[in-house]
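> Residue 1 is where the sequence shown starts when you use full-length UniProt numbering, and the numbers rise one by one after that. Ideal Cβ positions, reconstructed from N, Cα and C, are used throughout, including at glycine.
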Amino acid sequence: MLHGREAERAVIDRLVTDARAGRSGAVVVRGEAGIGKSALLRYAADTAEGMRILRGVGVETEVGLAFAGLHLLLGSFADRIAALPPLQAEALRGVFGLTEARPAERFMVGLATLSLLSELAEDRPLLCVIDDAHWLDQASADALLFASRRLDAEGIVMILGARDGVPFAAPGLPDLRLGGLSRAAGAALLAEHPTGLAPHVRDQILDEAQGNPLALLELPGALTAAQRAGELPVEAFRLGAQQLSGRLEEQFAQRLRALPERSRLLVLIAAAEESGALDVVLDAAKILGASLDDLEPVEIDGLVGFVDGRLTFRHPLVRSAAYREATVTRRLAVHRALAEVSGARGDQDRRTWHLSAAAIGPDEELAADLERIAEQAFARGGHAAVAAAYQRSAQLTPDTERRAERLARAAEAAADAGQTQVAAALDEQIVASTARPDVLARLAKMRITLAQEQEHGAQAVELAEVAARIAGEAPAEAAFLFLNAIVSAWSAGDVPAITGLAARTAAGSRDPLLTGATSAIARLADGATAPLLDLMDSIGADPERGPRERLILHSWLSWVADAEAAHDEALAIVRECRARGAIGALPKALLYAGRAQWLLGRFRDVEVTASEGLRIAQDTERTHYGRHLAGLLACVAAIQGDEARCKELTDDILRHGITESGTEALDARDLLDLSLGRHEEVLRWSVRDVSSGLFAMNRTYFHLAAHVEAAVRAGRPELAAEPSSSLTAWARATGQPWVTAVALRCQALLAEGEAAERLFGQAVRLHGSSMVPFEQARTELLYGEWLRRARRRAEARPRLRSALEIFLRLGATPWAERASTELRATGETPQAREQAPDLLAQLTAQELQVVRLAAAGMSNRDIAGQMFLSPRTVSHHLYKAYPKLGVASRHELARMDLR
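In structure tokens:
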């Protein structure tokens, strides 16, 4: 019986009840060692009668074995993998060792895990309980957490137990934190396990245990019979919260010391053998002179149990106590014995890991075997396991240069796994020990990745220096670094550096993408856009180029091409990402698509695109792009007048000032404040802060235009001159008509009389040749306001009517109200319009995306594959959407206008 856990049991009961009704959920049960996490997970399994139950466990000594935990949980269902979409099935077969693994997208395994769990839940609800999740190998944890975050309507419950003090990040999942039991509940637990405690001794145990159930059960064992009976005094344990775990481990260690030597040896072998397989433990024990009979004292003591052919420990602290208590000599002997057994059974990877644990000096043969394991883990997408294997391989490598290369590969893998501190520490260690060009290039590329996620740019000078050092021996790598140096120089606004770097890249590379890209980007600084457009066309026609190569250049394309072309190219990249299973690249591709949709005034599409991108960015830990996408959603909220949602999406992004990934968030706040007449709020963000450093020649033209308008309307035109000048320069560089129109609008706001009218007129004409309706409406509005203030009301009305019409069509409510107010001020009352109910507005962004794909004729399974959901979640979204739209079938959907 679980004492004192009524609230926690209610959470579990609700999850199980929901699963029976077809709803899914997940929770991470957290707490200190011995607090009752495992007991709560057992309670969940006991209450899930009639459900399919999967049990998994993380094992400390398995953290370096990629997908070991996932295989333990799902490996027995390999026959169901055939039902998955081909890319997912291939990924899962590869990580389970059923086929030769090919390099796969890291998160494709997570998607395949979701699909397999959904498949297993088709005939009955599914409960997954995973104890000691903090000891899962990183690849398994990533896959299971990815799947858990995307659960919706499959009838699946995922419950993970994680111990305090051991890192286990599970962003996006709720925590269920276990505290100590109440005194009454603790007393009830003691009463259920009588040990002959005198009343005052029982009270002391209750005080010392601090409500920890394991402590309540184990601390009495530290007392003699006379002490338990109160006949001898009991010295206070004097345990603080941090000491309790150590005290319990010591208690287990004392019990281990009381066992016969060969029994302790068996426990040590079980602690060192992560699988817990009894036959493996006994084979190793035989080599070291122990046998099955030696296990009996351990079982009688209750320190280990036996379930499904595996030895299980009463608590993870028993395992750690057994390993810590053993001498170094004994540990090395145990690992050598386990290596011999693993080799005899054909498990070369476990043999290698056990031999590496037994190694006491450099060993190139063993280091090479670990390198092979790392390469296999890389093919399966287990980046943390790759890092661990390369790092241990490097430690055993006698040659200095070879060691540096392996450490560099470890650093790369650690960065890919999100272990930025490990990667940075290895980087420092390597730089001081080698001058090898290929190693330096690897490190430089890794720093580029880390710099982007950590919100600071890689330094152009540093990258160029590394590129120059390696150009003779590694020209292709040098060219890549020169290209990224150009990117960094562009972000820093260092135009002179761009031209020089482009020349060096062209001289050092035979890759037409790199030479063409650097040349095209350099020409952009002079306002020439044709080379970049031609290069994008050639890449799109090259089957060898993937989405990542095209994404390198698309951010520039969006500045120099018309919005329609940028939109079409972005959607092409999105389709390619989906087809290739390149989930990690999707947030960036969807961001570019969303930006183009914003310019085109397709705000409903922006909601769908950015919502999907944000969800995937959160699932794949692409924080940088997640901020951009959240800001894009905030822009839509701003023009719709939803102040609460706009602030909710932008507050966290802007709290620490402006960063590169905060450009859309700043745009959203500008739009919101302008629409509400809060001009001083717009001026609060200094143009110099926004348009210097990372932001020079970047996505800041929206803020520049907002700053000019706010300064003029606040009666502080002196603050508008600099941003207007910057915007004019940017318009010349891009050559885009709509950017030029916005620049002319800003100049008009600062001009007077005929000059202002001429500039407004030019701006309106240029808007007519582009497809950026929101900016066109803003120009018409400001022109109409200027005409009205000049007492030219009749001329103002057509401008204001046009602005009102566009704002209403776009759903820009506060802007439409402003245009209506201005129109009334001219003496014209805007005609009341009867608008049909907007049925699509009732749908969530995900529901709208599902119904659009269903209307296009896609099956639920195909939609699930494209949206990275389960088929049952797709069915659930359709079930909710049909009544909102007043339809009952796909056939009716196909006849609707879902734009």
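Fully enclosed by the segment 281 to 353, which beta strand (DSSP E) runs are 3 residues long or longer?
The qualifying runs are 304 to 307 and 310 to 313.
> Please state whether DSSP places Ile360 in a helix, a strand or coil.
DSSP places Ile360 in coil when its eight states are reduced to three.
> So, for Ala322: in the same chain, excluding its five sequence neighbours on each side, which residues have a beta-carbon less than 7 Å away from its beta-carbon?
So the list reads Leu256, Val267, Leu268 and Ala271, once near-sequence residues are dropped.
> In angstroms with no decimal places, state the Cα-to-Cα distance between Asp294 and Arg264.
Spanning the two alpha carbons is a distance of roughly 9 Å.
> Would you give the residue range spanned by the alpha helix (DSSP H) that Gly94 belongs to?
Start and end: Pro86 to Val95.
> With H, G and I counted as helix, E and B as strand and the rest as coil, what does DSSP make of Ile35?
It is coil, neither helix nor strand.
> In its own chain, which residues sit with a C-beta less than 7 Å from the C-beta of Arg793, not counting the 5 before and 5 after it?
So the qualifying residues of the chain are Thr826 and Gly827.
> Taking Gly601 as part of the beta strand (DSSP E), name the residues at either end of that continuous run.
No beta strand (DSSP E) holds Gly601; DSSP gives it neither H nor E.
> Starting from the C-beta of Ala637, find all residues in its chain whose C-beta is less than 6 Å away, skip the five residues before and the five after it, and write them out in chain order.
Closer than 6 Å at Cβ, skipping near neighbours: Arg645 and Cys646.
> Determine the direct distance from the alpha carbon of Val28 to that of Phe695, and round the result to whole angstroms.
Unreliable positioning characterises Phe695 in this predicted model, as indicated by a pLDDT of 40, which lies under 50. The coordinate reading is nonetheless provided below. Taking the straight line joining both Cα atoms gives about 40 Å.
> Could you tell me which of Ser538, Val201, Gln597 and Ala585 sits nearest to His567, measuring between CA atoms?
The candidate whose alpha carbon is nearest that of His567 is Gln597.
> Helix, strand or coil for Ala241 per DSSP?
Reliability of the predicted coordinates at Ala241 is poor, the pLDDT of 42 falling under 50, and the value obtained from them is presented with this limitation in mind. Note: Ala241 maps to coil in three-state DSSP.
> Between Leu332 and Leu355, what straight-line distance do the alpha-carbon atoms span, to the nearest angstrom?
Spanning the two alpha carbons is a distance of roughly 9 Å.
> In three-state DSSP terms, what is Asp562?
In the structure shown, Asp562 sits in coil (DSSP, three-state: anything other than H, G, I, E or B).
> Given Leu239, which residues of its chain have a CB within under 6 Å of its CB, disregarding the five upstream and five downstream residues?
Only weak support exists for where Leu239 lies, its pLDDT of 45 falling under 50; the value from the coordinates is given anyway. Excluding sequence neighbours, Leu239 sits near Glu208 and Arg247.
> Based on DSSP bridge pairs, tell me the residues matched to Met108.
Looking at the DSSP assignment, Met108 forms no beta bridge with any residue, so it has no partner.
> Exposed or buried, which one is Tyr625 when buried takes at least 16 other CB atoms within 10 Å?
Classification for Tyr625: buried.
> Under the assumption that Leu614 contacts Ala634 (Cβ atoms under 8 Å), give the Cβ distance between them as a whole number of angstroms.
With 8 Å as the limit, Leu614 and Ala634 do not qualify as a contact, their Cβ atoms being about 11 Å apart.
> Would you call Ser196 buried or exposed, if buried means 16 or more other Cβ atoms sit within 10 Å of its Cβ?
The sequence given here places Gly at residue 196; Ser does not occur at that position. It counts as exposed.
> Buried or exposed for Leu481, please, with buried defined as at least 16 other CB atoms from any protein chain shown within 10 angstroms of its CB.
So Leu481 ends up on the buried side.
> Please classify Ser538: is it buried, with 16 or more other beta-carbons within 10 angstroms of its beta-carbon, or exposed?
Exposed.
> If the criterion is Cβ atoms closer than 8 Å, does the pair Ser24 and Glu154 meet it?
Contact: yes.
> Considering Ile53, what are the terminal residues of the beta strand (DSSP E) in which it resides?
Note, Ile53: beta strand (DSSP E), Arg52 to Val57.
> If you count every other CB in all the chains shown that lies within 10 Å of the CB of Thr400, and 16 or more means buried, which is it?
Counting Cβ neighbours within 10 Å, Thr400 comes out exposed, since fewer than 16 surround it.
> Can you confirm whether the segment 89 to 99 touches the segment 414 to 423 when touching is taken to mean that 3 or more C-beta pairs between the two stretches lie within less than 8 Å?
Judged by Cβ distances under 8 Å, the segment 414 to 423 makes no contact with the segment 89 to 99, as fewer than three pairs qualify.
> Looking at the secondary structure, which residues open and close the beta strand (DSSP E) in which Gly161 lies?
Note, Gly161: beta strand (DSSP E), Ile156 to Arg163.
> Starting from Arg861, trace the alpha helix (DSSP H) both ways and give me its first and last residue.
Looking at the DSSP string, the run of the alpha helix (DSSP H) that includes Arg861 is Asn860 to Met867.
> Give the straight-line distance between the Cα atoms of Leu750 and Glu718, rounded to the nearest whole angstrom.
Leu750 and Glu718: Cα-Cα distance of roughly 9 Å.
> Under a Cβ-count criterion, where at least 16 other Cβ atoms within 10 Å of its own Cβ denotes burial, should Arg899 be classed as buried or exposed?
The residue is exposed, with fewer than 16 neighbouring Cβ atoms inside 10 Å.
> Within its chain, find whatever has a CB closer than 6 Å to the CB of Gly64; leave out the 5 residues flanking it on each side and keep chain order.
So the qualifying residues of the chain are Ala385 and Ala388.
> Taking the alpha carbon of His679 as the reference point, which residue from Leu72, Asp652 and Arg716 has its own alpha carbon closest?
Ranking Leu72, Asp652 and Arg716 by Cα distance to His679 puts Arg716 first.
> My output table needs one value for Gly613: the three-state DSSP class, helix, strand or coil.
Note: Gly613 maps to helix in three-state DSSP.
> Report the rounded CA-to-CA distance for Ala816 versus Ala803, giving the unit in angstroms.
Near 8 Å, if we compare the C-alpha coordinates of Ala803 and Ala816.
> Which complete alpha helix (DSSP H) runs does the segment 758 to 790 hold, if anything under 4 residues is left out?
Complete alpha helix (DSSP H) runs here, min 4: 773 to 789.
> Between Ile130 and Gly161, which are expected to be in contact by the criterion C-beta below 8 Å, what is the C-beta distance as a whole number of angstroms?
Sure, about 7 Å apart at Cβ, within 8 Å.
> To which residues of the same chain is Val850 closer than 8 Å at the C-beta, ignoring the five residues directly before and after it?
Excluding residues within five positions, the ones whose Cβ falls inside 8 Å are Ile863, Met867, Val874, His877, Leu878 and Ala881.
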